[in-house]
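Down below is the structure, laid out as structure tokens.
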Amino acid sequence: MATDVSTALSIAPRRTGSGLERIVRGAPAESSYGWTENLSPSELQAISVLDQLFEMPDIGDFILQSLLVPLDDASLLQPQHFAKALSTAVPQLRAAADADPSLALELGRCAGVMSHVEDMCETLRLYTTALLQG
Numbered sequence: 500m501a502t503d504v505s506t507a508l509s510i511a512p513r514r515t516g517s518g519l520e521r522i523v524r525g526a527p528a529e530s531s532y533g534w535t536e537n538l539s540p541s542e543l544q545a546i547s548v549l550d551q552l553f554e555m556p557d558i559g560d561f562i563l564q565s566l567l568v569p570l571d572d573a574s575l576l577q578p579q580h581f582a583k584a585l586s587t588a589v590p591q592l593r594a595a596a597d598a599d600p601s602l603a604l605e606l607g608r609c610a611g612v613m614s615h616v617e618d619m620c621e622t623l624r625l626y627t628t629a630l631l632q633g
């Protein structure tokens, strides 16, 4: 009692070289219309398991969510507001470093990094102004 492998697995022969088009669990649904048998899987409107897997969050999504910092004030994304907040934060950090000796090293490093960022923003502003003047 030999059966053909393609009929036993209910897999219709497809053209080779087209790649993986979809993954469907279980037996494919029988169509009452004859014209759907001639359609490729990409032309059918069914949602495949492969598409559902691609929509699921992966490790990259989890890393991105952990790195995103929630902003309380969205105006900090504007350059002038960011520069103003940065220029007020550096003296506050230096004052906090002087006030608390146990955190002086960490706060001093933070103030140094923020001061460096402030200098880089100023350099960028100067370059932009020079480029716009020609």
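The end of the sequence shown is residue 633 by our numbering, with every number in the run present. Glycine is no exception: its CB is placed at the ideal position from the N, C-alpha and C atoms.
**Prompt:** Do Leu576 and Glu617 have their C-beta atoms within less than 7 Å of each other?
**Reply:** Here residue 576 corresponds to residue number 77 of the sequence shown, with the count starting at 1. Here residue 617 corresponds to residue number 118 of the sequence shown, with the count starting at 1. Cβ atoms of Leu576 and Glu617: not closer than 7 Å.
**Message:** Just to confirm before moving on: does the CB-CB distance between Leu606 and Ala595 stay below 7 Å?
**Reply:** In the sequence shown, counting from the first residue as 1, residue 606 sits at position 107. In the sequence shown, counting from the first residue as 1, residue 595 sits at position 96. Cβ distance < 7 Å, so Leu606 and Ala595 count as in contact.
**Request:** Return the CA-CA distance between Asp572 and Leu538, expressed in angstroms with no decimal places.
**Result:** Indexing the sequence shown from 1 puts residue 572 at position 73. Indexing the sequence shown from 1 puts residue 538 at position 39. Their backbone Cα atoms lie some 52 Å apart in a straight line.
**Request:** Tell me whether the beta-carbon of Ala491 lies closer than 7 Å to the beta-carbon of Met555.
**Result:** The requested residue 491 does not occur in the structure, where the chain is confined to residues 500 to 633.
**Prompt:** Pro590 lies in the alpha helix (DSSP H); which residues open and close that run?
**Reply:** Taking the sequence shown and counting its residues from 1, the one referred to as residue 590 is at position 91. It spans 578-598 - the alpha helix (DSSP H) in which Pro590 sits, taken as one unbroken run.
**Asked** In the structure shown, what three-state DSSP assignment does Ser601 receive?
**Response** Mapped onto the sequence shown, residue 601 falls at position 102. DSSP places Ser601 in helix when its eight states are reduced to three.
**Prompt:** Does the Cβ of Ala629 have 16 or more other Cβ atoms within 10 Å, making it buried, or fewer, making it exposed?
**Reply:** Working through the sequence shown from its first residue, we reach residue 629 at position 130. Label assigned to Ala629: exposed.
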